[in-house]
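Put into structure tokens, the structure is as follows:
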């Protein structure tokens, strides 16, 4: 099934979602966890891992729902509400399974899992998958790549914010103000990847 | 329109069933280790461990914030059980938290009680019955013998009485740790 062409395509999807079309810094999706849980490196890593899991799973589930329920019955206009439903279920299910199977992981991810329901990047990925007419595996890779990109940026940003905490920042820029400025500069830097790949 | 409603309802129903099933299938009973520690503690809620009650102390032990030797009412028995459960070395009871005492129960000298309700407010287990300007009394079955009602009493009418051993509450005495078995 998979030949060289497919492989390159998947690699391109990953590279595109992680760096070129990064969901946080280029598409500006999922900004609230980006600002909210980037104060400490550990929480950022936890949130990134939880998001990676949910994003991949929910983009696959959304694809299945879209392909086998919405299109055959001509209900494309119900996409948003259906995808929200799917995401909420996936998040809830993941939380239960993680709680049961791995208490250690649950301690790390626990409080972040419910937060992901409201992460617009998750819904964004599901909707973009439909828009770009991705297949099953493409959707999975797109979701996974998006979450890796999200995690990467979140962790980088958290590391910067930890240093900003102790930096000599003018009083009016302290806290979220300097964080937003930093995020803007990071976004500019990531814009430099644009044009690397055309998908 | 009808199709949309039916599809949405069916999908929501299926998801509901999946979640309902997994809620039963993946049920987790609280934090098991905290419950196990809490079960070993004497439930006097006396606060001598410096925590507001037995469960907070159990949580602190589970999180590794507190040593296991801060419970005077439980004494050596509890420390040994905790050490066994948690797989750590048993410690001597921390003298800062108090000494291990024999089980007692508070008794109010009802002649002298002025009905000030101060001891009711101090009791952590609601074992004192009474109202303002009315004589108070202690529900002996509920009293944990924690001594917390003694300091607030303005007329010193509360006394700690050792529990009388009866057939209902008699237990084998604990084996003496200094005593070794005779060599055959």
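Chains as they are written, first to last, in the working numbering: chain A, 1241 to 1439; chain B, 11 to 194. For glycine and all other residues, C-beta sits at the position ideal for the given N, C-alpha and C.
Residue from the options whose Cα sits closest to the Cα of residue i
i: residue 126(B); options: 159(B), 79(B), 155(B) and 154(B); result: 159(B)
i: residue 1418(A); options: 1257(A), 1430(A), 1402(A) and 1377(A); result: 1402(A)
i: residue 1310(A); options: 11(B), 167(B) and 99(B); result: 11(B)
i: residue 1388(A); options: 1288(A), 1368(A) and 1266(A); result: 1288(A)
i: residue 153(B); options: 106(B), 15(B), 172(B) and 75(B); result: 172(B)
i: residue 1270(A); options: 1424(A), 1396(A) and 1359(A); result: 1359(A)
i: residue 139(B); options: 166(B), 157(B) and 120(B); result: 120(B)
i: residue 81(B); options: 136(B), 17(B), 179(B) and 50(B); result: 50(B)
i: residue 155(B); options: 162(B), 83(B) and 46(B); result: 83(B)
i: residue 53(B); options: 94(B), 59(B), 46(B) and 64(B); result: 64(B)
i: residue 105(B); options: 113(B), 78(B), 96(B) and 177(B); result: 78(B)
Interface partners of residue i on chain B, CB under 8 Å
i: residue 1337(A); result: 32 and 36
i: residue 1396(A); result: Near residue 1396(A) there are no residues of chain B at all, since even the closest Cβ is about 31 Å away, more than 8 Å.
i: residue 1329(A); result: 25, 28 and 29
i: residue 1297(A); result: Within 8 Å Cβ-Cβ: nothing; residue 1297(A) doesn't reach chain B, min ~13 Å.
i: residue 1309(A); result: 17 and 21
Terminal residues of the alpha helix (DSSP H) in which residue i lies
i: residue 86(B); result: 85-96
i: residue 1251(A); result: 1244-1255
i: residue 1334(A); result: 1319-1341
i: residue 1405(A); result: 1376-1406
i: residue 1275(A); result: 1271-1276
i: residue 46(B); result: 42-50
i: residue 60(B); result: Premise fails: residue 60(B) is in no alpha helix (DSSP H) and is neither H nor E.
i: residue 1424(A); result: 1416-1431
i: residue 1294(A); result: 1281-1305
i: residue 1262(A); result: Premise fails: residue 1262(A) is in no alpha helix (DSSP H) and is neither H nor E.
i: residue 21(B); result: 12-35
i: residue 1369(A); result: 1360-1371
i: residue 131(B); result: 128-132
Local Cβ density within 10 Å of residue i, reported as buried at 16 or more and exposed below that
i: residue 1273(A); result: buried
i: residue 99(B); result: exposed
i: residue 62(B); result: exposed
i: residue 73(B); result: exposed
i: residue 1241(A); result: Caution applies to residue 1241(A), whose pLDDT of 48 falls short of 50 and renders its modelled position unreliable; the value that the coordinates give is listed next. So residue 1241(A) counts as exposed.
i: residue 1335(A); result: buried
i: residue 1382(A); result: buried
i: residue 1251(A); result: exposed
i: residue 1434(A); result: exposed
i: residue 1373(A); result: exposed
i: residue 164(B); result: exposed
i: residue 1413(A); result: exposed
i: residue 1262(A); result: buried
i: residue 195(B); result: An answer regarding residue 195(B) cannot be provided, because it is not within the stretch 11 to 194 covered by chain B.
Limits of the unbroken beta strand (DSSP E) element including residue i
i: residue 118(B); result: 114-118
i: residue 169(B); result: 168-172
Contacts of residue i in chain B (Cβ-Cβ under 9 Å)
i: residue 1325(A); result: 18, 21, 22 and 25
i: residue 1315(A); result: 13, 14, 17 and 18
i: residue 1318(A); result: 14, 17 and 18
CB contact below 8 Å: residue i versus chain E
i: residue 1293(A); result: Looking at the structure shown, chain E is missing, and the protein chains on hand are A and B.
Residues that residue i contacts on chain B, provided the C-beta gap is smaller than 7 Å
i: residue 1332(A); result: 29
i: residue 1340(A); result: 36 and 38
Legend entry - Cβ pair count under 8 Å reaching 3, the stretch 1352-1372 of chain A against the stretch 1314-1324 of chain A: Short answer: they touch.
Inset, instruction - Say whether the stretch 1276-1286 of chain A touches the stretch 1333-1341 of chain A, bearing in mind that this needs 3 or more beta-carbon pairs closer than 8 Å, one atom from each stretch. - result: Because the criterion of three Cβ pairs below 8 Å is not met, the stretch 1276-1286 of chain A and the stretch 1333-1341 of chain A do not touch.
Legend entry - Three-pair Cβ contact test at 8 Å for the stretch 1287-1304 of chain A versus the stretch 1429-1438 of chain A: Too few Cβ pairs lie closer than 8 Å, so no.
Inset, instruction - Count the C-beta pairs between the stretch 118-138 of chain B and the stretch 146-160 of chain B that are closer than 8 Å, then say yes if the count reaches three, no if not. - result: When Cβ pairs closer than 8 Å are counted between the two stretches, the stretch 118-138 of chain B is seen to touch the stretch 146-160 of chain B, the count reaching three or more.
Legend entry - Cβ contact (3+ pairs, closer than 8 Å) linking the stretch 1367-1387 of chain A and the stretch 1404-1414 of chain A: Contact between the stretch 1367-1387 of chain A and the stretch 1404-1414 of chain A is absent, because fewer than three Cβ pairs lie under 8 Å.
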